[in-house]
Structures are given as C-alpha cells and as structure tokens.
Amino acid sequence: MEKVHLTKEKETLLATLYGRAAHSRTENPVLRDPLAEQAVDRIDYDFGKLRMRATDALSVAIRVKTLDNLTAGHLARVPDATVVHLGCGLDTRVYRVDPPETVRWFDVDFPDVISLRERLFPPRPGYTMIGLPATDPGWLELVPADRPVLVVAEGLLMYLTTEEVHDLLRRVTGRFPSGEIIFDALSRLAVKLSRFQPAIRATGATLRWGLDDPAELTAAVPRLRLASELFFSDVPEVERFPAGYRAALAVMNRIYFLRRVGRILRYRF
Ligand SMILES: C[S@@+](CC[C@H](N)C(=O)[O-])C[C@H]1O[C@@H](n2cnc3c(N)ncnc32)[C@H](O)[C@@H]1O
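Quick note, our numbering runs 8 ahead of the 1-based positions in the sequence shown.
Written as structure tokens, this is what we have:
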C-alpha cells in the first residue's frame, strides 16, 4: 500500500482519481480507467471522507472523457505534437489516449505528486514526468519548443490566482511556435460556491480563479484565439444523470450566468 500525505489543492487529486475509478466500476461507464481502479486499491487513504456520490463520479468521468476526446482529436491532426499535461495529479490520460511514439508527452505536477505517480504507473516510450509546480517557469525549459504544443490542464487553473493563470498562458504562448491550450474553467460564482462542495471542504483546498467570459483571456494573453467552448450542461452524456438532476441542468442551460458555471475551453495560438 502507498501512504499519501497530500493536503489542500494536492489532496483534491484523490477526489478526481476516486471519481474516475468509482465510475469506471459501474456498468456501461462513460469512461473506463482500470489504472485508476488499481491506484485507488493501492493507496492507503480514507476516500470516504471526500463524500463523492455516483453523480459526482459521473461528472468527473464526463469532463475527463471530453478532454480525452479533444486530446485524441488534436493528435489525429498533429501526430508529432508535444503534449504537456499540467496539474496531472494521478490522472492516467496518457494511457487512455495511448498516443503513438511520435508524440512526446510530459506530465507536470508537484514533486511529491510526481513521485507518487512514479510508484503507481508504469513508464512508457515518449513519456516524461516533471516534478515542478505548473506556475514554476522551470518546466518550460525541460520541454523542447521545436514543435506545436498541446497543453491540457484539467481541474488545475481554478486553484491559481488570476495573475498566475495569465502568466502561465503568456509563458506558454511565448515559448512555443504554435499550439492549443485546453482546460476546464469555472465562473466566478462557481468559484465562490465551491467552498460548500464536500470534497473541497474535506481537503481544505481554496479555489481562486473564475472566468465569466472567454474574451477575458484573449484580452490578457494577446496571442490566444478562442477555438471552441463547451458548457458542462451541454455535453451529450448529461443523459446519464438521474431525471431530477437533468431537469436542474435544463433550467441552468436557459440562464446564462448559471450555464457558464463550468465549461471546457480550447484556445489556439
Ligand atoms: C483537482 S486535482 C486534478 C488532478 C488531475 N488533473 C485530475 O483531473 O485528476 C488538482 C491538481 O492541481 C495540482 N496543482 C494545484 N496547484 C498547482 C500548481 N501551482 N502547480 C502544479 N500543480 C498544481 C494539484 O497537485 C492536483 O494534482
């Protein structure tokens, strides 16, 4: 068994890991993640304290699946891309997407998170783990900048300050010749309400960055262009939620400030 001593923002990676594993174990899941299932079995941690319900696990799986599809779609168009997966936590995207060896893939997170990753998941050709915070410019020097880049950040940017998010995006667009950046973003309202979420309360994590309008980022980071946006309440898999939940999502979808609480954004540069 692997002992873990993660707290606050780092501890939240156990909630998303558990969500993927729990959903993967259901019948006919949106997303299969056997490595997440194995990792949950090997980690010595009270996952019950996170109070993840089946609908929370489904929400995680839908977000993961959407970002997996966007990643795979990008790699089909750019088969020799460099992928940088920021705030990877214990996510197994590289194994699920399973890119060809022509793709160079880098997973970036704090050193203690990466050392846990190394104990849980196998090495693979073309795949490198970097133990540095996403906000540390040092990781950019470890990633060759000779090819277009795909930066994926899931469940990460909301933990940073607005200034850290803008600096990070400016560094990426300053270093690579071209590329795409895909991530999930919460609205400012959702960031405020996040403190009532059981997993956030249990870990003591603080969410900071909210985005109400995608144009805020194109104004702050001049090279960025918005390529697509998808509201959480619009993804096809919402059919999987129980009826009451779907009814609430349908109402949300009609009211813009509620609709934008969560979305997946794709920018190009
Ligand atoms: C909710 S978890 C998401 C992990 C993973 N992307 C997933 O979906 O399972 C938040 C992640 O952000 C990471 N994180 C938070 N602040 C960070 C920072 N400044 N630099 C790097 N990683 C950070 C945490 O270590 C954690 O892995």
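Glycine included, C-beta positions come from ideal geometry on N, C-alpha and C.
### Query
Which residue from Glu172, Tyr167, Pro156 and Thr79 puts its Cα closest to that of Pro185?
Among Glu172, Tyr167, Pro156 and Thr79, the Cα nearest to that of Pro185 is on Pro156.
### Those residues which DSSP pairs with Ser236 across a bridge
For Ser236, which the question treats as bridged, DSSP gives the partners Arg274.
### Among Gly139, Glu109 and Phe240, the one whose alpha carbon lies nearest that of Pro133
Glu109
### Task
Starting from the N-terminal side, write out each stretch of the beta strand (DSSP E) that is 3 residues or longer and does not extend beyond the stretch 116–157.
135–139
#### Entry: Leu194, DSSP secondary structure in three states
Note: Leu194 maps to strand in three-state DSSP.
### Query
Are at least three pairs of beta-carbons, each pair with one atom in the stretch 238–248 and one in the stretch 70–85, less than 8 Å apart?
Judged by Cβ distances under 8 Å, the stretch 238–248 makes contact with the stretch 70–85, as three or more pairs qualify.
### Query
Whose C-beta lies closer than 7 Å to the C-beta of Arg127 among residues of the same chain, with five residues either side of it excluded?
Glu10
### Task
Using three-state DSSP, classify Thr90 as helix, strand or coil.
DSSP places Thr90 in the strand class (E or B) of the three-state scheme.
#### Entry: Own chain, CB closer than 7 Å to Arg248, minus 5 neighbours either side, in chain order
Val38 and Leu66
### Query
Do the stretch 110–123 and the stretch 93–102 make contact, defined as three or more Cβ pairs closer than 8 Å?
yes
### Message
Tell me the rounded alpha-carbon separation between Asp120 and Lys18.
### Response
9 Å
### Task
Put Asp52 into one of helix, strand or coil per three-state DSSP.
strand
### Message
Looking at the strands, I want to know which residues DSSP matches up with Ile189.
### Response
Val159 and Tyr275
### Message
Looking at ligand 1, does it come within less than 6 Å of Glu17, judged from the CB to the closest heavy atom?
### Response
Within the cutoff, so yes.
### Message
Checking 7 Å against the spacing of the C-beta atoms, do Val160 and Ile122 come in under that value?
### Response
Going by C-beta atoms, Val160 is not nearer than 7 Å to Ile122.
### Task
To the nearest angstrom, report how far apart Thr170 and Gln205 are at their CA atoms.
Computed Cα separation, rounded: 22 Å.
### Task
Report the option in Thr136, Leu234, Leu43 and Leu164 whose CA atom is closest to the CA atom of Pro152.
Thr136
### Message
Is Leu58 close to ligand 1? I mean its beta-carbon at under 6 Å from any heavy atom of the ligand.
### Response
no
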